[in-house]
Amino acid sequence: MALSVLIYDGDCGVCTKLSRFVTTTVRAQQGDFAVSAYQDADLDTLGLTAEQCDEALQWVSAKGRISSAQDAVARVLLAGRLPFKPLGAVILVPGINALAGVVYRWVAVNRHRLPGGTPACSLPAAQRPS
Numbered sequence: 116m117a118l119s120v121l122i123y124d125g126d127c128g129v130c131t132k133l134s135r136f137v138t139t140t141v142r143a144q145q146g147d148f149a150v151s152a153y154q155d156a157d158l159d160t161l162g163l164t165a166e167q168c169d170e171a172l173q174w175v176s177a178k179g180r181i182s183s184a185q186d187a188v189a190r191v192l193l194a195g196r197l198p199f200k201p202l203g204a205v206i207l208v209p210g211i212n213a214l215a216g217v218v219y220r221w222v223a224v225n226r227h228r229l230p231g232g233t234p235a236c237s238l239p240a241a242q243r244p245s
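Using the numbering used here, the first residue of the sequence shown is number 116, and each one after it goes up by one.
Pasting the structure below:
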């Protein structure tokens with residue numbers, strides 16, 4: 116059986132640090148789901164493009180369902196250890212999900228300014244708000 120997989124931007128220091136947190140703290144055991152930088156993943160097999168992965172975190176379920184941005188965060192939390200599961204469910208609640216989307220977008224746009232961020236973390240100019 117295929118594992119669900121969390122796909123992140125391996126060129127981004129913030130994303131890489133958060134992926135380590137997911138691997139060591141959120142995920143209960145290695146066989147629960149995979150975590151991979153998109154640069155190392157077979158995107159065609161996953162049904163993703165590099166552009167999608169540059170823009171947002173991606174979660175591909177074992178059944179091939181793709182979730183992006185705050186929905187990907189929710190899905191990885193739901194697949195994680197018990198303390199994280201309820202938070203994942205809350206993020207998917209309508210209204211809260213919209214707010215989580217605003218927060219996600221702000222973090223994505225400003226990730227190069229966050230601790231561990233580098234210029235490589237900056238979204239491409241075409242994806243930054245005007």
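Using N, Cα and C, we set each Cβ at its ideal position, and we do this for glycine too.
Since we're looking at a predicted model, the values are computed, not measured.
query	result
Residue range of the alpha helix (DSSP H) that Val191 falls in?	Ala184 to Leu193
Using the Cα positions of Val129 and Leu121, report the straight-line distance between them to the nearest angstrom.	15 angstroms
Using C-beta distances below 7 angstroms, list every residue in its chain close to Gln173, excluding the 5 sequence neighbours before and after it, in chain order.	Ile122, Leu163, Gln167, Ile181, Ser183 and Ala187
Which whole-angstrom value is the C-beta distance of Val141 and Arg196, which I expect to be below 8 angstroms?	6 angstroms
In the DSSP assignment, find the alpha helix (DSSP H) that holds Leu133 and state where it starts and stops.	Gly128 to Phe136
If you draw a straight line from the C-alpha of Gln154 to the C-alpha of Asp126, how long is it?	8 angstroms
What residue range is occupied by the uninterrupted beta strand (DSSP E) comprising Ala141?	One point to set straight first is that residue 141 is Val, not Ala, in the sequence displayed. Note, Val141: premise wrong, no beta strand (DSSP E); not H, not E.
I'd like to check one pair, Ala189 with Asn212: are the Cβ atoms closer than 9 angstroms?	yes
In whole angstroms, give me the CA-to-CA distance for Ser176 and Asp169.	19 angstroms
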